[in-house]
Structures are given as C-alpha cells and as structure tokens.
Amino acid sequence: MSSFSSKIADIRKDFPILSREVYGKPLVYFDNGATTQKPKVVLDTIEKFYNSINANIHRGVHKLSAESTEEYEKAREVIREFLNAEKTSEIIFTSGTTASINLVAFSFGEVFVKSGDEVIVTEMEHHSNIVPWQLLCERKGANLKVLPFDENGELKVDMLESLITPKTRILSVTHVSNTLGTVNPIKQIIEIAHRHNVPVLIDGAQGVKHGIIDVQDLDADFYAFSGHKIYGPTGIGVLYGKEKWLNQMVPWQGGGDMIATVSFAKTTFNELPFKFEAGTANYIGAAGLAAAINYYKSVGIEQATAYETELLNYATKKLLEIDGLRIIGTTTDKASIISFILKDIHPYDTGMILDKMGIAVRTGNHCTQPVIDHFEIDGTVRASLAFYNTYEEVDRLVEGVAKVKEMFG
Amino acid sequence: MTLNEVQDSIVDDFSLFDDWMDRYQQLIELGKDLPPIDEKKRTDQYLIKGCQSKVWLDADLVDGKVQFTADSDAIITKGIVSLLIKVLTNRTPQEILDADLYFIDKIGLKENLSPTRSNGLVAMVKQMRMYALAFQAKGNNA
Ligand SMILES: Cc1ncc(COP(=O)(O)O)c(C=O)c1O
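Those protein sequences? They're chains A and B, same order as listed. Start counting the first sequence at 575; every next residue gets the next number (the working numbering). Start counting the second sequence at 1064; every next residue gets the next number (the working numbering).
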C-alpha cells in the first residue's frame, strides 16, 4: 500500500455524498465510470457563483457580466493548462463528450468528408463515438470502418495501417474503454494515422481521469471529455481541437455569441473558440469544472492514478478467487474498471443484489453493444473505481459477489 | 379466489420474511420454478425490451379468460413475472383492466416495478393490459 492510502480518509471527507447510506448500509460507490462524485470545492464554487457573480457572459456592460466572463475565461485557461494545449482558443466548451464528438462529426465532416470517403472507429467505442460517425457517413455517402480488438480487449493496432486508405478522412478512438478498462496506446495510434495524414479524435471520457494528459505530446488533433466524469458538474464538457482544424471547420450550431456580424444577407462568424459556442454557455459549469480539475491536481494526478491501479490489482486478484467469475477485459494496461460475469447468473440479478447491499455498480452493455456482442454475453457487471475508494470497499464488493453466488447457487 | 385474494395471499406469504434477503431468496425460488416459455416464443415477436433484462410475454384468450405465459433471462425479474402471472392470469379482460396491483408495494419490492429500473417489468404490465384491451375489443366486436 502506498502513502496515498493514508490520505484516503481525509480525501473522502471532501466528498459529502460518500458518507450517505443506502438501505441503511454505508454506500460503496463503484459506478465512477458512469459519473464521479463531486468534492465540496466544486459545489461551493457553483453556489458562490450563483450567489455573488451570476450574469450572462460576453454581453453586459456591467460589472457582474465582466466578472462572470472573467471566471469563464479563467476556467478555459485551467483546461488549457490541464491538457497542455498550446492556446486557449483551442479549448471549446460543450455540454459533454457526446456533444464534442457530434460537433467534430458535423463541422469537420461537412468540410472534409465526401461521398466514398472513409471514417475509422474501433470495435470498443461507446455508442457516443459510433453513432455521430454513422450519421455523418449516411449524410455523405461515406463508409465506416472498424478496427477490431482481441480476446483480451486489446486493439489490433497492427491492423490499423491496412485499414487506412487514401480515402480515410479521420480516425476516432477511445483513450480508455469504459467497458473493458483497456488503456489504448493512443500515442502510437496517432503516429500511425499521421504517417498517412489522417487526423485523430480521442474520446477522453474515461481517459481524462487516468493520468496526465498532454495533447501536444500526444499530437492529438481532437480530444473530447465530460466534466461530470472528472469530479466536475454535469452539463459541461470540452473539445480540444488543433487550431488548424478548427479554423477550417464550419460552425455546428448557430446563435448568439458565435457571430461577428449578422445581417439577412450574410452572417460572419466570431473567432475561435466562440465560433463553436452558440448561445448562452454553461459558464457556471465551466467554473465548476475548473474547480474540479484544480482539486484533482491538488490530490495529485499521478499519485491518484497509481493508487487506483493498486486498488484495481487488488480487486482483480480478490474477484478472481471467486469460482465461476470471469473478467471481461484482461489486458495488462488497464484503468480502474473491472467488468465481470458470473457463470449462469445474469448481470442484472447480480447488480440487484449488490444494490441491496449498498454497493453501486453498473450492469448491462454500458453503451458498448459491439463489445458485448464480441464476447457473446448478456452484458457485464462493472465496478469502476476512483481514488476515493478503499480496500475495505473492495472487500465488501467481493463479499457481496460471494453472497450473490450463494443466493443463486 | 378473486384477483385481490390472490394478491393478499402473496402479501401473506411474503410477510413471513422479515429481511430483504429472504424476500429476494423467495423471488429467486419463484423465478426458478416458473417453467421457461416455449423456445419458439423466445423471439423478438414476444420480446419486451427492458434494456437490462429481457422479458418475453404471450397471451391467449380461452373461454373468455386471458392466459399469460412469460419468461425472463434474469431470475429476479422472472420471480416478479411469476407473481404477476399468478395474479393476472385466468382472469377476464375486464378484471385485468380494473386491477390495482398493490401487492408489489406491500411486499417491499416496489423498486422492481419502477420506471427508473429498466428491467422490462413496467413495460410488461403495460403489455398485459394491452392484451386485455385487445381481447376485450375483439369480444365486443364478435
Ligand atoms: C468512453 C465514453 N465515451 C463517451 C461517453 C459519453 O459521455 P457523456 O454521456 O458524458 O457525453 C462515455 C460515458 O459513458 C464514455 O464512457
């Protein structure tokens, strides 16, 4: 156990919800892949904003509007630094990962994808990183190609080169699989794609809370993530995009704030990043997200990730001691996500009983139906851990699963 | 027994169990005891998509009474299915349409029949009423 474990008791106090009970038992929250809990500083930031600053941004002549705008733009700088992007103009606020991917699929697709062209995704993508590309392909008469993964849940990266053709316009791949836990070698994937002049979008929904992200070092063309999965509020997300792409892309939605001049004859668009931020932005969400990122940094991103890996290894070892339990996603480089199934017991049944014991897990296909189909199973039970989880909580999960086996045996 | 007498007897049976684990154990046993639906009916035609667990349902009208057969791939869901069948099968369409299913609440399993759980049960009850409605309409036309 690392020295980080000695800090957990204090860290847990920062998250008010972690002290609640469900069905009279202390909550074990293992559904962090779906959404994470929020530290008090995030909640305080939001409340303070509403109580003392709130005004629409970029619009008013008055003091509050200026302060509000300043907070919003400060948040953008926090994100820029967090991703190590070159410029704040490359940071676009959206409502979440899904919106970010849809934005690129539309705005990039409109300009660069035409009939007969190809878009590549992988077999382990979340539906949010499949459907927007399918819609684009339908709109344009383009083709969607899929890079498969192997039995351990590792992408067959050696096949990538043969999938890319002169007609390939973009590759979109997840940083971390939300079902398998696999951490993909995105730097290598980007390098291969770039060798063929294919830009790459990284779905960072799960990856963003697994170690330090450096979009320049990765050379990612786009990186998308959601605030709510990284200890921030819901309804706010980010799209990082290289300026050279964003400048060439057409706006996605029209409205206030994204324009320079409007007349019925012609409208000219505002500069980056505002061109892609139509309508009143979720500026309070942005401030909350910045607070979450600052909190995450203060906890120690690398230490938190190392601790989560320890916890993952412990949980994996303990769960595998249970007879008839099979882990889905068995590669070596994994984020703290464990999907498993029990022989002859439906994941939903397992989830129901664990719920009754106060243990929150997710069951089903986790919005990755192709992954579930690949393994020919009915879904999985997924425990996704965060740095505020403990060894004792893992023990409770393991006891819970043993109890499930007993009840259904 | 009337429909409500069947509900009351289920409530009686479950009142013997004082903790959730026993109640769920009972559901699991009921689920295991319910004979599986005919393999031929385990098809999309009879499927009620619940997202989390699948439910298959079929109904026939025999001598003016509705006969339900149903199944699920998850045992707890199947246990509840079995209780719903016990209450609603072999009833006239009107009885089914008038039924107030209070037993689920009384036996402390309300969460299983909540629209926030995507297990297919809420949709199944709706579908059972739809069958009743359809049979009634057919009867009135005949
Ligand atoms: C890998 C991955 N991509 C995309 C998403 C979608 O994120 P959101 O619903 O916040 O837009 C998720 C969330 O479940 C995810 O895990």
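Where a beta carbon is used, it is the ideal one built from N, C-alpha and C, also for glycine.
Proximity winner among the options, relative to residue i (alpha-carbon distances)
i, options, result
"Ile875/A", "Thr739/A, Glu967/A, Tyr805/A and Val968/A", "Tyr805/A"
"Leu1172/B", "Leu1066/B, Gln1088/B, Val1069/B and Met1064/B", "Gln1088/B"
"Val678/A", "Lys892/A, Met832/A, Glu980/A and Pro773/A", "Pro773/A"
"Val935/A", "Thr753/A, Val616/A and Val836/A", "Thr753/A"
"Ser639/A", "Gly815/A, Asp952/A and Ile858/A", "Ile858/A"
"Ala794/A", "Ile764/A, Tyr624/A and Ala583/A", "Ile764/A"
"Thr739/A", "Asn726/A, Ala767/A, Ile665/A and Leu886/A", "Ala767/A"
"His624/A", "Ala860/A, Met926/A and Phe589/A", "The residue you asked about is not His; residue 624/A is Tyr in the sequence shown. With distances taken between Cα atoms, Tyr624/A lies closest to Ala860/A."
"Thr742/A", "Lys688/A, Gly781/A and Glu725/A", "Lys688/A"
"Thr879/A", "Glu845/A, Lys730/A, Tyr869/A and Ala909/A", "Ala909/A"
"Pro759/A", "Phe723/A, Tyr881/A, Gly683/A and Thr924/A", "Phe723/A"
"Val945/A", "Leu657/A, Glu725/A and Lys581/A", "Glu725/A"
"Thr748/A", "Glu645/A, Phe796/A, Asp777/A and Leu721/A", "Asp777/A"
"Thr1144/B", "Ser1078/B, Asp1121/B, Gly1127/B and Asp1126/B", "Sequence inspection shows Val at residue 1144/B; the Thr mentioned does not correspond to that position. When each option's Cα is compared against that of Val1144/B, the closest is Asp1121/B."
"Ala716/A", "Asp732/A, Asn703/A, Ile744/A and Glu651/A", "Ile744/A"
"Met1064/B", "Glu1102/B, Arg1154/B, Ala1200/B and Lys1189/B", "Arg1154/B"
"Leu792/A", "Ile591/A, Asn658/A, Ser579/A and Glu966/A", "Asn658/A"
"Ser669/A", "Gly974/A, Ala798/A and Asn703/A", "Ala798/A"
"Asp588/A", "Ser579/A, Lys612/A and Ser663/A", "Lys612/A"
"Tyr1194/B", "Glu1092/B, Gly1202/B and Pro1156/B", "Pro1156/B"
Chain-ordered neighbours of residue i on chain A, where CB pairs are closer than 7 Å
i, result
"Gln1115/B", "Tyr922, Thr937 and Gly938"
"Asn1153/B", "Ordered by position in chain A, no residue passes the 7 Å Cβ test against Asn1153/B, which lies about 28 Å from the chain."
"Ala1133/B", "Within chain A, no residue comes near Ala1133/B; the closest Cβ sits about 16 Å away, beyond 7 Å."
"Ile1091/B", "Met981 and Phe982"
Beta-carbon contacts of residue i that lie in its chain and below 8 Å, excluding the five residues immediately before and after
i, result
"His701/A", "Cys941, Thr942 and Gln943"
"Met685/A", "One detail in the question is off: residue 685/A reads as Val in this sequence, not Met. Correct list, in chain order: Gln822, Met823 and Val824."
"Gly1183/B", "Ile1111, Lys1112, Gly1113, Cys1114, Gln1115, Ser1116, Lys1117, Val1118, Ser1135 and Thr1140"
"Lys979/A", "Ile896, Asp897, Gly898, Leu916 and Ile919"
"Lys622/A", "none"
"Glu1245/B", "Because chain B spans 1064 through 1205 in this model, residue 1245/B falls outside it and cannot be assessed."
"Glu699/A", "Ser746, Val747, Thr748, Asp777, Thr942 and Pro944"
"Asn844/A", "Asp831, Met832, Ile833 and Ala834"
"Glu728/A", "Thr756 and Thr905"
"Ile1073/B", "Leu1146, Lys1149, Val1150, Phe1166 and Ile1170"
Cβ-Cβ separation, residue j to residue i (assumed contact under 8 Å), whole Å
i, j, result
"Leu893/A", "Val972/A", "6 Å"
"Tyr962/A", "Arg586/A", "5 Å"
"Tyr922/A", "Ser1116/B", "4 Å"
"Ile666/A", "Glu817/A", "Actually they are not in contact, since the Cβ atoms of Ile666/A and Glu817/A sit about 11 Å apart, beyond 8 Å."
"Ser746/A", "Leu775/A", "4 Å"
"Ile1100/B", "Ala1133/B", "6 Å"
"Gly830/A", "Gly815/A", "That pair is no contact at about 21 Å."
"Thr609/A", "Lys783/A", "Between Lys783/A and Thr609/A the Cβ distance is about 11 Å, and since that is not below 8 Å, they are no contact."
"Ser751/A", "Thr671/A", "Not quite, the Cβ-Cβ distance comes to about 14 Å (not below 8 Å), so this is no contact."
"Leu737/A", "Leu721/A", "6 Å"
Cβ neighbours of residue i in the same chain (closer than 6 Å, five flanking residues each side left out)
i, result
"Glu641/A", "Ile627"
"Asn856/A", "Gly809 and Ile810"
"Ser913/A", "Thr753, Ile902, Gly903, Thr954 and Arg956"
"Ile911/A", "Gly607, Gly755 and Ser958"
"Ile631/A", "Ser642, Thr643, Tyr646 and Tyr857"
Proximal chain B residues relative to residue i, where beta-carbon distance stays under 8 Å
i, result
"Lys930/A", "Trp1083, Met1084 and Tyr1087"
Close-in-space but distant-in-sequence residues of the same chain around residue i (CB under 7 Å, 5 per side omitted)
i, result
"Leu1151/B", "Phe1131, Ile1159, Ala1162 and Met1191"
"Ala865/A", "Val615, Val616 and Thr619"
"Glu660/A", "Gln790"
"Ala673/A", "Gly811"
"Leu1066/B", "Val1150, Arg1154, Glu1158 and Ala1162"
"Pro1080/B", "Note on residue identity: the sequence assigns Phe, not Pro, to residue 1080/B. These residues qualify, in order along the chain: Arg1086 and Gln1089."
Residues that residue i contacts on chain B, provided the C-beta gap is smaller than 9 Å
i, result
"Phe949/A", "Result: empty, since nearest Cβ-Cβ is about 16 Å, beyond 9 Å."
Contacts of residue i in chain B (Cβ-Cβ under 7 Å)
i, result
"Ile927/A", "Tyr1087"
Interface residues of chain A facing residue i [CB-CB closer than 9 Å]
i, result
"Thr1140/B", "His920, Tyr922, Asp923 and Met926"
8 Å Cβ cut-off: residues of chain A touching residue i
i, result
"Asp1136/B", "His920 and Asp952"
"Asn1203/B", "Neighbours of Asn1203/B on chain A: none; closest Cβ ~39 Å, over 8 Å."
"Asn1067/B", "Chain A residues near Asn1067/B: none, gap ~28 Å exceeds 8 Å."
3-residue-minimum beta strand (DSSP E) runs that sit fully inside the segment 899 to 926 of chain A, ordered along the chain: 899 to 902 and 911 to 916
Extract the residue ranges of the beta strand (DSSP E) inside the segment 1085 to 1167 of chain B, only unbroken runs of 3 or more that lie entirely within it. 1118 to 1125 and 1128 to 1135
Please give me, in chain order, every unbroken run of the alpha helix (DSSP H) with length at least 4 that falls completely inside the segment 603 to 685 of chain A. 614 to 626 and 637 to 657
Every unbroken beta strand (DSSP E) within the segment 835 to 903 of chain A, with a cutoff of 3 residues, ordered by chain: 841 to 843 and 899 to 902
Could you pull out every unbroken beta strand (DSSP E) segment of at least 3 residues lying fully inside the segment 708 to 748 of chain A, listed in chain order? 717 to 721 and 742 to 748
Can you list, in chain order, the stretches of the beta strand (DSSP E) that have 3 or more residues and sit fully within the segment 805 to 832 of chain A? 811 to 815
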